[in-house]
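Q: Take this structure first; my questions come after.
Numbering (my numbering), first residue to last: 2 to 188.
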């Protein structure tokens with residue numbers, strides 16, 4: 002029985018599995034793309050946001066797809082307005098024919114119905130479609146670079162570990178470096 006040959010085969014198998022697993026992960030990786038939008042009232046257009054949603058505003062989350070088929074998570078901020086004499090901050094959810102605006106609390110059934118309407122009418126603007134495609138590509142290739150870097154570091158550490166174990170075992174068994182058995186001295 003040759004423990005060194007068996008150990009080498011196990012080490013090659015473990016390294017091969019690490020390479021295969023990393024490549025499968027990198028190929029199948031789908032970047033998470035999220036965009037923040039806001040809307041101020043029912044007749045307003047969706048506005049892309051770079052800052053965070055105000056704490057008093059309502060929020061709804063949904064997923065849509067870009068023109069190229071990339072899944073995009075949308076975080077929609079429902080901006081509030083002051084209503085009534087007490088100036089309560091409410092989400093405007095309806096404007097009637099006389100331009101009267103109706104408002105309700107963020108978690109009311111009226112605002113929930115309004116959120117469904119907004120989800121149904123939401124379409125990614127062309128400039129955001131282009132941004133999504135570029136961002137997806139950038140994140141995909143960034144993941145490839147990071148995966149290969151981590152694989153290289155992991156394989157180097159593993160190779161060092163295998164070498165150190167081999168060196169220790171060869172020392173205890175009296176087997177010279179480069180050989181799998183003690184040399185036959187009987188000659």
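Note that beta-carbon positions come from the ideal geometry of N, C-alpha and C, so glycine has one too.
These numbers come from a predicted model, not from an experiment.
Cutting at 6 Å between CB atoms, please list the residues of its own chain near residue 23, excluding the five before and the five after it.
A: Along the chain shown, read from residue 1 onward, the residue named residue 23 stands at position 22. The answer, listed in chain order, is 148, 152.
Q: Throw me the rounded Cβ distance for the residue 133 and residue 71 pair, which I believe falls under 8 Å.
A: By 1-based counting over the chain shown, the position of residue 133 is 132. By 1-based counting over the chain shown, the position of residue 71 is 70. Contact flag correct, Cβ pair sits at about 5 Å.
Q: Would you mind sorting residue 114 into buried or exposed? The rule is 16 or more other CB atoms within 10 Å of its CB.
A: Sequence index remark: in the chain shown, residue 114 carries index 113 (1-based). The residue is exposed, with fewer than 16 neighbouring Cβ atoms inside 10 Å.
Q: Please report the straight-line C-alpha distance between residue 175 and residue 8, rounded to a whole angstrom.
A: Here residue 175 is taken as the residue at index 174 of the chain shown, counted from 1. Here residue 8 is taken as the residue at index 7 of the chain shown, counted from 1. Straight-line Cα distance between these residues: approximately 17 Å.
Q: Please list the segments of the beta strand (DSSP E) lying wholly inside the stretch 42-118, counting only runs of 3 or more residues, in order along the chain.
A: Segments of the beta strand (DSSP E) lying fully in the stretch 42-118: 59-66, 72-79, 82-84, 89-96, 102-105.
Q: Please look up how many angstroms separate the CB atoms of residue 91 and residue 105, rounded, as I've assumed it's under 8 Å.
A: Within the chain shown, residue 91 is the residue found at index 90, counting from 1. Within the chain shown, residue 105 is the residue found at index 104, counting from 1. Right, the Cβ-Cβ distance comes to about 6 Å (below 8 Å), so this counts as a contact.
Q: Per DSSP, residue 39 forms a beta bridge with which residues?
A: In the chain shown, residue 39 corresponds to position 38, counting from 1. DSSP lists 48, 78 as partners of residue 39.
Q: Give the straight-line distance between the Cα atoms of residue 30 and residue 97, rounded to the nearest whole angstrom.
A: Taking the chain shown and counting its residues from 1, the one referred to as residue 30 is at position 29. Taking the chain shown and counting its residues from 1, the one referred to as residue 97 is at position 96. Residue 30 and residue 97: Cα-Cα distance of roughly 47 Å.
Q: Is the stretch 155-170 touching the stretch 50-58 in the sense that three or more CB pairs, one from each, lie closer than 8 Å?
A: No, because fewer than three Cβ pairs between the stretch 50-58 and the stretch 155-170 fall closer than 8 Å, the two stretches do not touch.
Q: From residue 93 to residue 75, what does the alpha carbon distance come to, in whole angstroms?
A: The residue labelled residue 93 in the question sits at position 92 within the chain shown. The residue labelled residue 75 in the question sits at position 74 within the chain shown. Between residue 93 and residue 75, the C-alpha separation is close to 20 Å.
Q: For residue 169, count neighbouring C-beta atoms within 10 Å of its own C-beta (all shown protein chains included) and say buried if the count is 16 or more, exposed if not.
A: Translated into positions along the chain shown, residue 169 becomes position 168. Exposed, because fewer than 16 other Cβ atoms sit within 10 Å of the Cβ of residue 169.
Q: Count the other CB atoms within 10 Å of the CB of residue 40; is the residue buried (16 or more) or exposed (fewer)?
A: For this step, residue 40 is matched to residue 39 along the chain shown. Buried, by the Cβ-count rule.
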